[in-house]
Amino acid sequence: MSNRPPGHVARSTRGPANRPHPETPRGAPRRTPARTFLRTADGVPIDAVYEPGPTGRDPSDLVFVVAHGFTGDADRPHVRRIAEAFARHGAVVTFSFRGHGASGGRSTVGDREVLDLAAAVEWARGFGHARVVTVGFSMGGSVVLRHAALYAADDGAGTDAVVSVSSPARWYYRGTAPMRRLHWLVMRPAGRLVGRYGMRTRIHHRDWDPVPLSPVEAVPRIAPRPLLVVHGDRDGYFPLDHPRMLAEAAGDHGELWLEPGMGHAENASDEELLHRIGDWAVARAG
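At position 42 of the sequence shown the residue is numbered 41 (numbering that gives the first Met the number 0), and the sequence of numbers has no breaks.
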């Protein structure tokens, strides 16, 4: 699904329509909500939403950039619930990955989505926030790991801390029934039709070429930025060897939360967990 060499990093682009306000200089604080289409480095329009967070807090402080799971988008109720929880701790940027919601393009199921996240992070910094925390769920959880590794040296599109919830550690996992169904959805023409018309998700028909850096390979490259790996012990998609592999690869800069009774991704993340994540981000993001 990619036509660039492994490890290639392309910067996101910001045309005039992507700036927070035409009369607001880059880096100036802004407290009002905004919504726009960003344009990624490979030219895909990405629907993005900015919410300023608690009034009275320094707007140059912390912003969460939320990377949703496969078949989600910025307007889905479970994504809005995540944003509302994090808004108690800082500003929030949500967006729809390519092929999802109002964004253009087609989903590459975690490959070129790093370009979407890079554009969203750079847009978030344009509001004047000094600290950016990326929080991803499931597919988005793998994207935040790869993004943090590939953009580690990029002051504009990089992140200051990473939270990965319900992420796979390795590609092509088919060990659970939900993952076998997902592979059918992605790999088969009939499955892609179901994705398009039944789940409002447009999926690219090409295989990955080359295969992108896997999440577990990306994790060591994130250091010294803090990393939090969150996973439920009742996750029906990825068993516990996935988060344990990620935590082992992270070493001293990583932290692992295994959540009793938790299932998979956004829908399984209750308010208490989200606020603990918010507190962690405030404390660890530098």
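Backbone N, C-alpha and C fix where the C-beta goes; we use that ideal spot for every residue, glycine too.
Which residues does DSSP list as the beta-bridge partners of Glu50? Note: Glu50 sits in a beta bridge opposite Val91.
**Prompt:** How many Å lie between His252 and Ala151 at the Cα?
**Reply:** Whole-angstrom Cα-Cα distance: 14 Å.
Could you check whether Ser141 and Ser166 sit closer than 7 Å to each other, using their CB atoms as the reference points?
For the 7 Å CB-CB criterion, Ser166 and Ser141 form a contact.
Sort Leu239, Leu226, Val134, Gly197 by Cα distance to Ser268 and report the nearest one. Per the Cα distances, Val134.
Spatial neighbours of Leu192 within its chain, please: C-beta separation below 7 Å, excluding the five flanking residues on both sides. None.
**Prompt:** Should His99 go down as buried or exposed, given a rule of 16 or more other Cβ atoms within 10 Å for buried?
**Reply:** Answer is buried; the Cβ neighbour count reaches 16.
| query | Going by the beta-carbon positions, is the gap between Arg173 and Arg179 smaller than 7 Å? | reply | In contact: Arg173 and Arg179 (Cβ atoms closer than 7 Å).
| Inter-residue spacing [alpha-carbon to alpha-carbon] between Ala147 and Arg275 | Computed Cα separation, rounded: 21 Å.
- Task: Spatial neighbours of Val359 within its chain, please: CB distance less than 6 Å, with the 5 preceding and 5 following residues excluded, ordered by chain position.
- Result: Since the displayed the chain opens at 0 and closes at 285, residue 359 lies outside it and no answer follows.
For Met186, count the other beta carbons within 10 Å of its own beta carbon; 16 or more makes it buried, fewer makes it exposed. Which is it?
For Met186, the number of other beta carbons within 10 angstroms of its own is below 16, and it is reported as exposed.
**Asked** Any heavy atom of the ligand SAH closer than 6 Å to the CB of Arg180?
**Response** Absence of the ligand SAH from the depicted structure is noted, as is the absence of any ligand whatsoever, leaving it without description.
- Give the secondary structure of Ser141 by DSSP, where H, G and I count as helix, E and B as strand, and everything else as coil. In this structure, Ser141 counts as helix in the three-state DSSP scheme.
Original post:
Between the C-alpha atoms of Phe69 and Pro211, what's the straight-line distance to the nearest angstrom?
Top reply: In this structure, the straight-line span from the alpha carbon of Phe69 to that of Pro211 is close to 17 Å.
Taking C-beta to C-beta, are Ile45 and Glu265 nearer than 7 Å?
Going by C-beta atoms, Ile45 is not nearer than 7 Å to Glu265.
_Own chain partners of Ala284 with C-beta closer than 8 Å, once the 5 adjacent residues on each side are dropped_ = Leu61, Arg130, Val131, Val132, Asp159, Ala160, Pro225.
With a CB to CB cut of under 7 Å and the five nearest residues on each side skipped, what residues in its chain are close to Glu50?
For Glu50, same chain residues with a beta-carbon under 7 Å away, outside a window of 5 residues either side, are Pro32, Ala82, Ala86, Ala90, Val91 in chain order.
Exercise for review: Would you kindly check if the distance between the Cβ of Leu245 and the Cβ of Val229 is under 7 Å?
Suggested key: Contact flag unset, no.
**Message:** Using a Cβ-Cβ cutoff of less than 7 Å, which residues in the same chain neighbour Val113 once the five nearest sequence positions on both sides are dropped?
**Reply:** Only Val142, Arg145, His146, Leu149 meet the Cβ criterion.
DSSP beta-bridge partners of Glu258 | Glu258 pairs with Gly231.
**Report entry** Backbone secondary structure at Val134 - three-state DSSP
**Finding:** Here Val134 sits in strand by DSSP.
*Where does the unbroken alpha helix (DSSP H) through Phe85 begin, and where does it stop?*
Note, Phe85: alpha helix (DSSP H), 76–85.
Three-state secondary structure (DSSP) at Val32?
-> Note on residue identity: the sequence assigns Pro, not Val, to residue 32. Collapsing the DSSP output to three states places Pro32 in coil.
(request) Output the distance between the C-alpha atoms of Ala222 and Val120, rounded to the nearest integer angstrom. (result) Distance between the alpha carbons of Ala222 and Val120 is about 18 Å.
Checking 7 Å against the spacing of the C-beta atoms, do Leu257 and Asp232 come in under that value?
By the CB criterion at 7 Å, Leu257 and Asp232 fall inside the cutoff.
Please classify Asp234: is it buried, with 16 or more other beta-carbons within 10 angstroms of its beta-carbon, or exposed? Asp234 comes out buried.
Using the C-alpha atoms, what's the distance from Val108 back to Ala168?
-> Each residue's CA atom was taken as its position, placing Ala168 and Val108 some 14 Å apart.
Original post:
Since Leu37 sits in a beta bridge, which residues does DSSP pair it with?
Top reply: Ile45.
**Prompt:** Are Thr39 and Asp115 close, meaning C-beta to C-beta below 7 Å?
**Reply:** For Thr39 and Asp115, yes; Cβs fall inside 7 Å.
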